[in-house]
Amino acid sequence: MPLPATELSELYFEDDLAPYRLAGYDAYDERNEDDFAFFCTNSDVLHPLVTHHSPDGGQSYFVLADSAATFAPCPGAAALVALHVIRDAESQTYRAASERLPLLSFAQRWLIARGCPVEAIRMPEDHPFTKPADAVTVELEERLLTSPSQRYEVLDHYTDDHMVLTATTLVHDHDLGSRHLPFRIFHEDTDLTAHTHTLREGAWADIGSASQWLAERDGPLPAPHTQFPQASRGHPSPAARASLGRRPSGPPPPLPGPRR
1134 MPLPATELSE
1144 LYFEDDLAPY
1154 RLAGYDAYDE
1164 RNEDDFAFFC
1174 TNSDVLHPLV
1184 THHSPDGGQS
1194 YFVLADSAAT
1204 FAPCPGAAAL
1214 VALHVIRDAE
1224 SQTYRAASER
1234 LPLLSFAQRW
1244 LIARGCPVEA
1254 IRMPEDHPFT
1264 KPADAVTVEL
1274 EERLLTSPSQ
1284 RYEVLDHYTD
1294 DHMVLTATTL
1304 VHDHDLGSRH
1314 LPFRIFHEDT
1324 DLTAHTHTLR
1334 EGAWADIGSA
1344 SQWLAERDGP
1354 LPAPHTQFPQ
1364 ASRGHPSPAA
1374 RASLGRRPSG
1384 PPPPLPGPRR
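Quick note: the sequence shown, position 147, residue 1280 per my numbering, numbers continuous.
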């Protein structure tokens, strides 16, 4: 049963609540109140990349860039946060779910799986952030963005923003066309001078082989059989290779059902 919660507007400044449109709302339960405190108290370092509000005002979808992720207790924390907010206008309560993800496409598809229209969560053409460096990157990002939500299971990821800016993601590809090489690594390099980013994909038959490649980094990423066979570069840092041996945490739980 939902627990009584203090109105958000009594706890945080109006500017902290404005991006989320939750002024005057209570948390659906104590868990939502505790979890959402992160977004209110860190509003100065959470920068919206793309936002969509449903026409009826009941739901909002955000991809946020966390400029303080580099200082997270766990090295390699992803700098992108996907956030889904559901409002109940009748009871004036809200529910929210969020997930840290290493690539924009993964954050977008996480929101799409929760009901956000695909076109509504795309980056606008005039956005000020890095652009894809080549056709390979464009093709891979589009595939990640539009693939079924159950296709790519994120097993682990690592973001390195110290000497260079890279993000490496290990996934299990459940698509039947990938059944012979189901373990994939997506590696993104960002060139802040050129203001571009490059995404590449590698493929393995088993997770042990993928992990061995990460540990030894002997040669380029073994490319899957795609129309872009050159998509085989990517140089995860030693810290990334060590981190990617962690045990996967599994997919995030669904949002709770509507309040009765």
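Where a beta carbon is used, it is the ideal one built from N, C-alpha and C, also for glycine.
Asked, Found
"On the three-state DSSP scale, how would you describe T1326?", "coil"
"Taking Cβ positions, are S1176 and T1184 nearer each other than 9 angstroms?", "no"
"Using the Cα positions of Y1153 and P1315, report the straight-line distance between them to the nearest angstrom.", "38 angstroms"
"State whether the segment 1241 to 1251 contacts the segment 1263 to 1272, with contact taken as three or more CB pairs (one from each stretch) at a distance under 8 angstroms.", "no"
"Beta carbon of T1301, beta carbon of H1320: below 9 angstroms?", "yes"
"What are the complete beta strand (DSSP E) segments, minimum 3 residues, inside the segment 1212 to 1279?", "1213 to 1221, 1226 to 1234"
"Please classify D1159: does DSSP put it in a helix, a strand, or coil?", "strand"
"Rounded to the nearest angstrom, what separates Y1161 and T1323 at their Cα positions?", "39 angstroms"
"How is the beta strand (DSSP E) around S1193 delimited, first residue to last?", "1192 to 1199"
"Please classify G1209: is it buried, with 16 or more other beta-carbons within 10 angstroms of its beta-carbon, or exposed?", "buried"
"Can you check which of these residues, E1163, T1279, D1159, G1190, is closest to Y1227 by C-alpha distance?", "D1159"
"Classify L1155 as buried or exposed, calling it buried when 16 or more other Cβ atoms lie within 10 Å of its own Cβ.", "buried"
"So, helix, strand or coil for P1391, using DSSP?", "Below a pLDDT of 50, predicted positions are generally treated as unreliable, and P1391, at 38, falls in that range; the measurement from the model is reported next regardless. Three-state result, P1391: coil."
"Can you tell me whether DSSP reads D1294 as helix, strand or coil?", "coil"
"Do R1255 and L1288 have their C-beta atoms closer together than 9 angstroms?", "no"
"If we count the other Cβ atoms within 10 Å of its Cβ and call it buried at 16 or more, is W1330 buried or exposed?", "According to the sequence displayed, residue 1330 carries His and not Trp. So H1330 counts as buried."
"With a Cβ-Cβ cutoff of 9 angstroms, do P1353 and A1336 count as a contact?", "no"
"Using the three-state DSSP reduction, which class does G1367 fall into: helix, strand or coil?", "Per-residue confidence for G1367 stands at a pLDDT of 45, beneath the threshold of 50, marking its modelled position as unreliable; the derived number appears in the next sentence. Reduced to three states, the DSSP call for G1367 is coil."
"Under 9 angstroms, do H1307 and R1284 count as touching if we go by C-beta distance?", "yes"
"Could you name the residues of the same chain whose beta carbon sits closer than 7 angstroms to that of P1181, not counting the 5 residues immediately before and after it, in chain order?", "P1152, F1195, L1197"
"Report the rounded CA-to-CA distance for D1199 versus R1317, giving the unit in angstroms.", "26 angstroms"
"Suppose the cutoff is 6 angstroms on Cβ atoms and the five residues either side in sequence are ignored; what does the same chain contact list for V1271 look like?", "P1265"
"If A1229 and F1169 are in contact, beta carbons under 8 angstroms, what's the gap, nearest whole angstrom?", "5 angstroms"
"From the DSSP output, in three-state form, read off R1164 for me.", "helix"
"Cβ of A1215 within 9 angstroms of Cβ of P1235?", "no"
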